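Here the structure comes first, spelled out in structure tokens, and everything after it is commentary.
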Amino acid sequence: MRRTNADDCIQKRILEAWSLVFTNLAVELSDLRTTYVSDQGILDVLKGVSLSVPQGQIFGIIGRSGAGKSTLLRCLNGLERPVSGEIFIQQQSLIHVTKIDRRKILHKIGTVFQHFNLLSRRTVLQNIALPLEFMGMPADEITVKAQKIAALVGLSDKHNAYPRQLSGGQRQRVAIARALVSDVTLLLCDEFTSALDPETSLEILSLLRDLNQRLGITIVLVTHDISVIREICDQVCVLDQGHVVETGSVESILLRPQHEVTQSLVSHLFIKDLPRAIHDSIHDAPLENDYVVLRLMFSDTTAFQPAIASIIQKFNVPINIIVGSLGHVREATFGSMVVTMPTEGLSKGDSFLSEILTYFNTHHIAAEILGYIPSP
Ligand SMILES: Nc1ncnc2c1ncn2[C@@H]1O[C@H](COP(=O)(O)OP(=O)(O)OP(=O)(O)O)[C@@H](O)[C@H]1O
Ligand SMILES: [Mg+2]
């Protein structure tokens, strides 16, 4: 098969991107501060944000509405200028730089927004080609390149369709293709699946993961939806009122959220709230005949282990499962369960309970005493 310029170009981008993977950061922010000035006065939005995004990762930024997520993304694509702090894109400063170099850096960054922003009078291919036209590329090269990217995002059969003839998912594919067409190495996505139904969202997220792996591009995405983070991100940073309050791998943030904002964001993925009857009667210190209430968190392979059955057999203790669920964090399976068991039946005191907790923990199941309830 004849190799085209576009083939060579994609090949080159893959090599360039992967050569950077182990050595470089795609994005580095240091003490970034932004303000908005309005009739009401000066509003501090980002209040000293520092974070690092390794090359080739899918990095999620999550936070409540108004946390400053979109402002942060707009700083990265040059639409917003911080009042202080530094932004490095692939080790080049976006702040202390000449206008020409700044433009060169920004050419390597593509952005996808929630509302696609396609031109209604242009076909799919013409929409995708737009950035190349702005760059002054020759028409025949533009066509080859736009067709190549259209194929990458699964739109080969829609070249001549207009946006009104496309589904929401197809429109978002056009927007992604347009953002990628000028050989970007960094893709920014702002709430880009919010306008899609859950099934289409999953399709678009899997397309992004595929593009990330095939082209080696780094993706920074902003969302308020923890399930988007769970689906495709490698690392996540939690933003609250202009501060980074927590950052880490998706697994650690979702399975062991530390900050109250993170806990509230992930709470709907896990069963954290106790059933009403237990909630109303739970207390801290055990009374005679009480049952202990434990919350168990499973992850990865431990979710498949018959841990509860093992405990019942090993310690000869009845365990009641109150609530439980299984889910996943990317490829990892997790489970959350609230169980109760008698303390009186144990009759061997606290050390016996400690032994049970140790047993759980040595089997990589995080066990936490939530309190005690009267025997049912
Ligand atoms: N152009 C602007 N002028 C004045 N204030 C603004 C402007 N843009 C954003 N803000 C304010 O800055 C704060 C952060 O806004 P931003 O859009 O970054 O939040 P967000 O985390 O993206 O929220 P959401 O999840 O609702 O999109 C908000 O209080 C917002 O009202
Ligand atoms: Mg926003």
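Here the numbering used here is used: position 244 in the sequence shown is 243, and no number is missing along the way. No residue lacks a Cβ here, since even glycine has one placed at the ideal position from N, Cα and C. A quick note: this is a predicted structure, and the numbers were derived from the prediction, not measured.
Residue i Cβ short of 7 angstroms to ligand 1 heavy atom set
{"i": "Tyr35", "result": "yes"}
{"i": "Lys68", "result": "yes"}
{"i": "Val244", "result": "no"}
{"i": "Val249", "result": "no"}
{"i": "Asp223", "result": "The amino acid occupying residue 223 in the given sequence is His; Asp does not appear at that position. Answer for His223: yes, Cβ within range of ligand 1."}
{"i": "Val237", "result": "no"}
{"i": "Leu165", "result": "no"}
{"i": "Ser374", "result": "no"}
{"i": "Val291", "result": "no"}
{"i": "Leu395", "result": "As shown, the chain starts at 0 and ends at 375. That puts residue 395 outside it, with no answer to give."}
{"i": "Arg42", "result": "In the sequence under discussion, the amino acid at residue 42 is Leu, which differs from the Arg named in the question. Within the cutoff, so yes."}
Residue(s) in a DSSP beta bridge with residue i
{"i": "Asp289", "result": "Paired residue(s): none; Asp289 is not in a bridge."}
{"i": "His282", "result": "Tyr371"}
{"i": "His242", "result": "Asp239"}
{"i": "Asn211", "result": "Bridge partners of Asn211: none, in fact."}
{"i": "Lys46", "result": "Arg32"}
{"i": "Ser324", "result": "Ser335"}
{"i": "Gly135", "result": "Beta-bridge pairing links Gly135 to no other residue."}
{"i": "Ala365", "result": "Met296"}
{"i": "Ile41", "result": "Val36"}
{"i": "Pro341", "result": "Tyr290"}
{"i": "Val26", "result": "Val52, Ile88"}
Status (buried if at least 16 other CB within 10 Å, exposed otherwise) for residue i
{"i": "Pro197", "result": "exposed"}
{"i": "Ser64", "result": "exposed"}
{"i": "Thr361", "result": "exposed"}
{"i": "Lys147", "result": "buried"}
{"i": "Val291", "result": "buried"}
{"i": "Tyr35", "result": "exposed"}
{"i": "Ser335", "result": "buried"}
{"i": "Lys313", "result": "exposed"}
{"i": "Ala366", "result": "buried"}
{"i": "Phe21", "result": "Low confidence applies to Phe21: its pLDDT is 44, below 50, so where it sits in the model is not reliable enough to give any reading."}
{"i": "Ile372", "result": "buried"}
{"i": "Lys144", "result": "buried"}
{"i": "Gln164", "result": "exposed"}
{"i": "His375", "result": "In the sequence on display, residue 375 carries Pro and not His. Exposed, by the Cβ-count rule."}
{"i": "Glu287", "result": "exposed"}
{"i": "Leu325", "result": "exposed"}
Check: residue i C-beta below 7 angstroms from any heavy atom of ligand 2
{"i": "Glu190", "result": "yes"}
Minimum length 3: unbroken beta strand (DSSP E) runs contained in the region 49-118: 57-61, 83-88, 108-111
Completely contained beta strand (DSSP E) runs for the region 153-240, where each covers 3 or more residues: Within the region 153-240, the runs of beta strand (DSSP E) that reach at least 3 residues and sit entirely inside it are, in chain order, 185-189, 217-222, 234-239.
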